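Counting in UniProt numbering, the sequence shown runs from 1 upward without gaps.
Working notes for the structure below.
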Amino acid sequence: MPAGTLFIVATPIGNLGDLTPRALEVLRSVAAICAEDTRRSGQLLAHFGISTPLVALHEHNEDALAQRVVDRLLAGESLALVSDAGTPLVSDPGFRLVRAARAAGVRVSPLPGACAAIAALSVAGLPSDRFAFEGFLPAKASARREQLQRLAGETRTLVFYESSHRIAESLADMRAAFGDDRPAVLARELTKLFETVLDGTLADLQAKVDADENQRKGEFVVMVQGAGDDREARLSEGRRVYTLLNQHLPPSTAAKLAAEITGAPRKELYGAR
1 MPAGTLFIVA TPIGNLGDLT PRALEVLRSV AAICAEDTRR SGQLLAHFGI
51 STPLVALHEH NEDALAQRVV DRLLAGESLA LVSDAGTPLV SDPGFRLVRA
101 ARAAGVRVSP LPGACAAIAA LSVAGLPSDR FAFEGFLPAK ASARREQLQR
151 LAGETRTLVF YESSHRIAES LADMRAAFGD DRPAVLAREL TKLFETVLDG
201 TLADLQAKVD ADENQRKGEF VVMVQGAGDD REARLSEGRR VYTLLNQHLP
251 PSTAAKLAAE ITGAPRKELY GAR
């Protein structure tokens, strides 16, 4: 018996009208749907009158379940994979299953649709010919700041996901790593009733979020323009190196060494935070 197909199906990130006709057809026709959260996906399916069985597949059981799913595919069943919202595998579980299916010679077919990162980039007005998707930053403050410091000299537009619990703290850490004047865009609750897209500098965005409690609710995509000219890139890298050295050396010594290593102006590094 020929193997079935594993369909990777994008689902709406908010507006249910964004589910494509082809996605509806596949979700109705497959033998089962692997879902990150069966309760949430069950609500989506119920809205469209779809009664296809659901199989819970998430980060905690994916390793154990992947082979069982592949066995069903090899037996001739076609299955679908969905995440809670948007395109599966984009900051969501699923890559282990896809890797196992491809290794077994199973056809894996994408059904394109909503993706918060791409939707946000399309309305941001930031350079999008080259961008780096970073997903969710670490929850721990020290790890988050370290990661942002490593990205300070990145010239591509940076795209992050963030939750309402950490949006204010993350914006503050981005200001410290990238500088107050770095252009950025904050997209919130895309395709939903209270969708907002704010732009300005990182300092502007933090001020707007701090001033309006509603801007601290929902799901966020934060986009930060990359380091611009060589001077800005050197300064960003210099700040990163200075921050690391300053943990072990006096500020003046750390600034002198960071300037020598990166070519950044020493005076602009001294006392950097």
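Yeah, the Cβ is synthetic: ideal placement off N, Cα and C, and Gly gets one too.
Computed from a predicted structure; not experimentally measured.
Return the bridge partner residues of Cys-115 from the DSSP annotation.
Answer is none; Cys-115 lacks a bridge partner.
When the Cα of Ser-142 is compared with those of Ala-132, Arg-39, Thr-191, Gln-247, which residue comes out closest?
Gln-247
Do you know whose CA, among Glu-62, Arg-182, Gly-200, lies nearest Ser-83's CA?
Glu-62
Write down the C-beta distance between Met-223 and Leu-158 rounded to the nearest angstrom, noting that I regard them as a contact closer than 8 Å.
Here Met-223 really is in contact with Leu-158; their C-beta atoms are around 7 Å apart, less than 8 Å.
Taking Cβ positions, are Val-185 and Leu-126 nearer each other than 9 Å?
yes
Quick check on the DSSP output: the alpha helix (DSSP H) that includes Leu-202 runs from which residue to which?
Start and end: 202 to 211.
Using the three-state DSSP reduction, which class does Glu-162 fall into: helix, strand or coil?
Note: Glu-162 maps to strand in three-state DSSP.
Using the Cα positions of Glu-25 and Ser-109, report the straight-line distance between them to the nearest angstrom.
14 Å
At which residue ranges does the segment 120 to 158 contain complete beta strand (DSSP E) runs of 3 or more residues, listed in the order of the chain?
131 to 136
Measure the Cβ-Cβ separation of residue 274 and Thr-52 and say whether it is below 9 Å.
The chain is shown from 1 up to 273; residue 274 falls before or after that span and cannot be answered.
According to DSSP, is Arg-182 part of a helix, a strand, or is it coil?
Coil.
Mind checking who Leu-81 pairs with in its DSSP beta bridge?
Ile-8, Cys-34
Work out the CA separation of Thr-11 and Arg-72 for me, nearest whole Å.
23 Å
Compute the Euclidean distance between the alpha carbons of Pro-21 and Phe-48, then round it to the nearest angstrom.
11 Å
Alpha carbon to alpha carbon, how far is Val-9 from His-165? Give it in angstroms, no decimals.
29 Å
If you measure from the beta carbon of Pro-112 to each beta carbon in chain B, is any gap under 9 Å?
Although the question refers to chain B, the structure presented lacks it and comprises just one protein chain.
DSSP three-state call for Leu-245: helix, strand or coil?
helix
Since Val-55 is in the beta strand (DSSP E), which residue starts that stretch and which ends it?
54 to 56
Have a look at Ala-203 and Gly-86 and give me their C-alpha separation to the nearest angstrom.
30 Å
Along the chain, where does the beta strand (DSSP E) that runs through Val-221 open and close?
219 to 224
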